[in-house]
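Engineer:
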Amino acid sequence: MIIRLRQPSREVEVRGGRPARAVLIELGFAPESYIVICNGTLVPSDTVLHESDSVELRPVISGG
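Following our numbering, the residues of the sequence shown are numbered contiguously, the last one being 66.
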């Protein structure tokens, strides 16, 4: 499955059929530092991502 990343903007290919949390860890990201958007919907990190899904990962940004 193709994963779209923001900052830096790029695409990576990973195996589907696993929870988003496992994909984040495989890519070297802390799961609590990213939000997962699957097929246009914000989903929790325990959501299983499939080969046919459109997935985007965005870093969590906070400030005051």
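Idealized CB from N, CA, C, for every residue including glycine.
Quickly, what does DSSP pair residue 43 with across the bridge? List them, please.
Structural biologist: Residue 43 pairs with 40.
Engineer: Which residues mark the beginning and the end of the beta strand (DSSP E) in which residue 5 is found?
Structural biologist: Its beta strand (DSSP E) spans residues 4–7.
Engineer: Output needed for residue 52: all residues of its chain with C-beta closer than 8 Å, excluding positions within five of it in sequence on either side, in chain order.
Structural biologist: Only 3, 18, 19 meet the Cβ criterion.
Engineer: With burial defined as no fewer than 16 other Cβ atoms inside 10 Å of the residue's Cβ, what is the status of residue 22: buried or exposed?
Structural biologist: Buried, since its Cβ has 16 or more Cβ neighbours within 10 Å.
Engineer: Which residue comes first and which comes last in the alpha helix (DSSP H) that contains residue 23?
Structural biologist: Looking at the DSSP string, the run of the alpha helix (DSSP H) that includes residue 23 is 22–28.
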